[in-house]
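All remarks here apply to the structure that follows.
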Amino acid sequence: MRLTSLLTLGLALALLPPNDRWSGSFRGTVLRAAGKRQPVEPNPVVLAELLVTATLAGLPPGAAFEWAGRHASTELAHVTRDIVRSARNVGLSRALLDVPEPFGDLCTAVARSTVTGTGLVAALLAYIEQARADEHAERMAGMQRLPIKLLFPLALLILPGFILLVVGPVLVEAFGRIQNSLPPVSGR
Numbered sequence: 053m054r055l056t057s058l059l060t061l062g063l064a065l066a067l068l069p070p071n072d073r074w075s076g077s078f079r080g081t082v083l084r085a086a087g088k089r090q091p092v093e094p095n096p097v098v099l100a101e102l103l104v105t106a107t108l109a110g111l112p113p114g115a116a117f118e119w120a121g122r123h124a125s126t127e128l129a130h131v132t133r134d135i136v137r138s139a140r141n142v143g144l145s146r147a148l149l150d151v152p153e154p155f156g157d158l159c160t161a162v163a164r165s166t167v168t169g170t171g172l173v174a175a176l177l178a179y180i181e182q183a184r185a186d187e188h189a190e191r192m193a194g195m196q197r198l199p200i201k202l203l204f205p206l207a208l209l210i211l212p213g214f215i216l217l218v219v220g221p222v223l224v225e226a227f228g229r230i231q232n233s234l235p236p237v238s239g240r
């Protein structure tokens, strides 16, 4: 009984889609139990928020990147470490212009603010607001496409029921009429 229950549970977990919220948390629990971390994609908005905090504390842009690297996640710390290392060689503005995506837009805004002397906090807050608006627009577009994506699976779910409820009785009645119209079979 217990082995059957475990096999059923294992089969149910294996059949869950990989992007399902519950299976993802289960996968995270398994990874934590194994001593491994789930990979986290570095987020430019988090870096921008850390830079705003450091800049409001009075740090210049280069020191703000160093501070953000010390207080960020491991993945984000690698990005800031690369920026600081490159800034020591070619200068902060040039180093910020060479940063690849997804941090390119953020670093371009910081470089523009550094070169022109405009307010860094205002530039960072504008970047954060724009990034959140873009993410919101992307999610809304996904929500608008959702009915189209669900149309075919829903049709596949509804079609068998339609056949069973509408076409089935018609076929049963037709076969009944055919059977009644045939002469009775006599024995040998």
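Under my numbering, think of the first position of the sequence shown as 53, with each following residue one higher. Ideal placement from N, C-alpha and C gives every residue a C-beta, glycine not left out. Here the structure is a predicted model, which means the values were calculated and not measured.
Excluding sequence positions up to five away, which residues of its chain have a Cβ less than 6 Å from the Cβ of Ala270? Because the chain is modelled from 53 through 240, residue 270 falls outside the range shown and cannot be assessed.
Ala163 and Leu149 - do their beta-carbons sit closer together than 8 Å? yes
Contact check, Glu101 vs Ile180 under 8 Å by CB: the rounded distance? 7 Å
Other residues of its chain near Arg133: CB distance less than 7 Å, five sequence neighbours each side excluded: Gly121
Between the CA atoms of Ile210 and Gln182 - distance to the nearest angstrom: 42 Å
How long is the line joining the alpha carbons of Ala189 and Pro221, rounded to whole angstroms? 48 Å
Cβ shell of Ala116 (< 7 Å), same chain only, five flanking positions each side left out: Leu103, Ala106 and Thr107
Cutoff 8 Å; reference Ala161; Cβ partners in own chain excluding five residues on either side: Ala175, Leu176, Ala178 and Tyr179
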